[in-house]
Amino acid sequence: MKNYYIPPNYEGVYRPYVNDVRAGASAFRAINNVDIPLQANSANKVRFQTEQYDLANEYDLNTSTFVPRESGVYSLSSSVKFKPFNSSPYNLDIVFLITNKGETEGRDNEAFAAKRPGIITASETLWLNAGDQVVVGMRSSINGMIQGDGSTTFSAVKVFP
Numbered sequence: 013m014k015n016y017y018i019p020p021n022y023e024g025v026y027r028p029y030v031n032d033v034r035a036g037a038s039a040f041r042a043i044n045n046v047d048i049p050l051q052a053n054s055a056n057k058v059r060f061q062t063e064q065y066d067l068a069n070e071y072d073l074n075t076s077t078f079v080p081r082e083s084g085v086y087s088l089s090s091s092v093k094f095k096p097f098n099s100s101p102y103n104l105d106i107v108f109l110i111t112n113k114g115e116t117e118g119r120d121n122e123a124f125a126a127k128r129p130g131i132i133t134a135s136e137t138l139w140l141n142a143g144d145q146v147v148v149g150m151r152s153s154i155n156g157m158i159q160g161d162g163s164t165t166f167s168a169v170k171v172f173p
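In short: position in the sequence shown from 1, add 12, done, that's my numbering.
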């Protein structure tokens with residue numbers, strides 16, 4: 013494999029490539045592969061049990077929590093596929109919960125037709141501090157189930173610096 017020269021960044025830090033992945037690279041993607049029942053109108057932490065990759069070992073499968081090691085700007089993305097148990101129209105909410113800051117970010121709310129599964133997504137570009145804990149939260153207006161078919165995902169990548 014080739015080693016590529018990367019010029020110093022704004023801080024004057026040289027970050028060489030190691031095995032063609034930039035040293036200090038931060039990115040992960042995890043999916044849910046288990047059907048999870050949800051009770052109506054209750055806040056739920058979404059679980060993502062299968063890690064597809066984690067370049068900096070920052071994602072905890074046991075808690076479905078992303079904890080960046082370095083401060084910086086991160087692009088976060090999540091999608092949840094939900095199947096209602098009855099035939100009523102329903103609403104879904106999704107949010108990124110950042111526990112060290114006590115904040116919610118990337119909120120989305122959508123309405124869906126009766127009996128049809130719905131996919132809700134959230135994406136956000138945020139400044140995260142090293143050690144912030146990021147999870148995905150969800151709420152539905154009716155009883156149903158998060159689908160474990162690979163459509164429910166959580167990912168992040170550090171974009172700067």
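All C-beta atoms, glycine included, are put in the ideal place defined by N, C-alpha and C.
What number of angstroms, rounded off, separates the C-alpha of residue i from the C-alpha of residue j?
i: A39; j: F78; result: 10 Å
i: V85; j: A142; result: 11 Å
i: S90; j: Y102; result: 20 Å
i: L67; j: A37; result: 7 Å
i: D144; j: M150; result: 19 Å
i: I43; j: L104; result: 19 Å
i: V148; j: S167; result: 10 Å
So residue i and residue j are supposed to be a Cβ contact under 8 Å. How far apart are they, rounded?
i: V171; j: T133; result: About 18 Å; that fails the 8 Å criterion.
i: R41; j: Q64; result: 4 Å
i: P129; j: K95; result: 4 Å
Which word fits residue i, buried or exposed, when buried means at least 16 other C-beta atoms lie within 10 angstroms of its C-beta?
i: T177; result: Residue numbering for the chain in the displayed model covers 13 to 173; residue 177 lies beyond these limits and cannot be assessed.
i: A126; result: exposed
i: T164; result: buried
i: E122; result: exposed
Could you name the residues that DSSP lists as bridge partners for residue i?
i: A134; result: S90
i: A39; result: V169
i: N103; result: A123
query = Touching or not, the segment 48-62 and the segment 113-129, by the rule of three or more beta carbon pairs under 8 Å?
reply = In short, these stretches do not touch, since the Cβ pair count stays below three.
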